[in-house]
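Here the structure is laid out as structure tokens; the discussion comes afterwards.
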Amino acid sequence: MEERAQMVQPEAPERKKISNKEVLSYFSYGMGQCISFGLIGTYIMYFYTDILGISALAASTIFVIARTFDAANDPLMASIMDTRKSKHGKFRQYLLYMPFFIFFITIIAFLPLNLNPTAAVIFAGATYILWGVFYTLSDVPFWSMSAVMSQEPQERTKLVTYANLGVFVGIGIPTLLFTPLAEFLGGGSLNDGFFFAVVILSLMMLPFMFLGFKNTRERVEPPKERVRIRDAIKIVKGNKPMFIILATFFCNVFVNITLTLNIYFFTYNLGNASLMAAFGIISLVSCIGFFFIPMLTKYFYKKHILMTVLIADIIVRVLFFMTGYGNTTVVLAFLTVTMILYTATGPLISAMLAETIELTEVRTGQRSEAVTFSGQTFTGKLSVAIAGGATGVILTVINYVPNQAQSEGTLTGLFFVIALLPALGSIIRLVLMYFYKYTEKEFNEAVSELQWRKQQNPGNS
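Take the sequence shown: its letter number 290 is residue 290 in UniProt numbering, and every next letter is one higher.
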């Protein structure tokens, strides 16, 4: 294959530049829908334990069941979408209707009802599962749009980069605004203003999502390929690099746990729930990590950049734990550095996963973009499910008691999870990267092999 790489010169595809207006509109949709994702991911556990009155263990069980179902539901939904098309397009039609469903289910999921323990668990489980179904019907078409808005590689890369940026900004908005808004609306009480803050932020997401529908266009007819779970399993089993990258992506579970527990850490360890707003600023600032990666990949392998970032994360987190949480400014500084490092891993992992598509085509003769995206979505949501379950278990193990001053052991446990637990995820990722052998060199050889095959069989191009 290496000899063929020297024989074949890559052909530049026809360049059709997407306007900045359309790119920003695509970013806008991702940002809008992730306001809801940020509300659910960051505040639903607190709502369940401190407002609805559900035990942490019961809440964790809801997370595991609901999000595991949601993760398995993604390939099924993708398969249905592949068979249906409207005047608005195959994927774009969902961008028109789903914002309203997400808006209503987000508000319903946070209703502060006065229910008995059994009814509260049933209500929480049902609304959480429904939210996951509706979010899937928005999220899968949103990411699929990047493949049909343009066929030019650089334009697709730009779309995916801005989509990821929209995700981080969208999640950062409720982190930044929710706590001060809820306390303002509740007359100083976070719990009293909780629901009203949810309603206001949910209203905020609608115009952003509608803008994404209005100004985006489908230009490429996607392949009529049904996405099935058994297809994803078959492809992953035959593609070791893809399996390693998906496993690396799954390690987000460790950071997901800390994101859920941050509100507890700020409320009880630092004594100020309003610091969640400061963490929201940190989350937005951390997006600068996106812009360094393209520059670094011009000179270094993505694998080596990722390993360097992971080693830095481990060192910083050990120093963080050794320093303690007595100084709020120092704590926020450590959180800023760790978030920048974590954010930088996102585009690296996404780019490495995308490159495995060519390896799949070399080995199977079929391009499997849809299966690859479904594998990423499945793995991502499964990590959220596990994180949700683990969070409830952790709160139970460290003897967390809602709405009371916590014991020293509980505070130490919270700090250990926030500061040091994600270092375990970085260690696992380092081990996975050690066994990852599919670098840019092998990717270019795969591309050249595919081009050579097309030259030998032009009728199959």
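All residues carry an ideal CB built from backbone N, CA and C; glycine is no exception.
Look at residue 89 here: in three-state DSSP terms it is strand. Between the stretch 330-347 and the stretch 282-291 there are three or more C-beta pairs closer than 8 Å, enough to call the two in contact. Across the structure, residue 38 and residue 274 are spaced so that their CA atoms are roughly 16 Å apart. Burial check for residue 408: the Cβ neighbour count within 10 Å stays below 16, so the residue is exposed. If the five residues before and after residue 174 are omitted, its C-beta is found closer than 8 Å to the C-beta atoms of 35, 38, 39, 42, 43, 201, 280, all from its own chain and listed in chain order. For residue 362 and residue 394, the gap between their C-alpha atoms comes out near 44 Å. Setting aside the 5 residues that flank it on each side, residue 426 is surrounded in the same chain by 310, 313, 314, each with a C-beta closer than 6 Å to its C-beta; the list follows chain order. With fewer than 16 neighbouring CB atoms inside 10 Å of its own CB, residue 294 falls in the exposed class. Annotated as distal: residue 240 and residue 439, with beta-carbon spacing of 8 Å or more.
DSSP, read as helix, strand or coil, puts residue 400 in coil. Take the alpha-carbon of residue 203 and the one of residue 100: they are about 10 Å apart. In the three-state scheme derived from DSSP, where H, G and I count as helix and E and B as strand, residue 149 is classed as coil. Scanning 355, 424, 396, 379 for the CA closest to the CA of residue 446 turns up 355. Within the same chain, Cβ atoms closer than 7 Å to the Cβ of residue 307 are found at 430, 433, the five residues on either side in sequence being excluded. DSSP places residue 269 in the helix class (H, G or I) of the three-state scheme.
In the structure shown, residue 437 falls within a coil segment according to DSSP collapsed to helix, strand and coil.
Under the 10 Å beta carbon count, residue 324 is surrounded by fewer than 16 other beta carbons and is classified as exposed. By the criterion of a C-beta distance shorter than 7 Å, residue 161 is surrounded in its chain by 290, 347, once the five residues flanking it on both sides are discounted. Assigned with DSSP and collapsed to three states, residue 128 falls in helix.
Using a C-beta cut-off of 8 Å, the stretch 376-384 makes no contact with the stretch 187-198, since fewer than three inter-stretch Cβ pairs fall below that distance. Taking the Cα positions, residue 170 is about 16 Å away from residue 256. Within the same chain, and ignoring the five residues on either side of residue 335 in sequence, the residues whose Cβ sits closer than 6 Å to its Cβ are 282.
Between residue 180 and the set 136, 267, 245, 145, the nearest pair of CA atoms involves 267. Take the alpha-carbon of residue 19 and the one of residue 353: they are about 26 Å apart. With respect to the 8 Å criterion, residue 32 and residue 149 are not classified as neighbours on the basis of their beta carbons. Contact between the stretch 384-391 and the stretch 247-266 is present: 3 or more CB-CB pairs across the two stretches fall below 8 Å.
Here the C-alpha atom of residue 128 lies approximately 43 Å from the C-alpha atom of residue 298.
With contacts defined by Cβ atoms closer than 8 Å, residue 92 and residue 216 form a contacting pair. For residue 416, the enclosing alpha helix (DSSP H) stretches over residues 408-419.
The beta carbon of residue 246 is closer than 8 Å to those of 236, 353, 375, 376, 379 in its chain, skipping five residues each way along the sequence.
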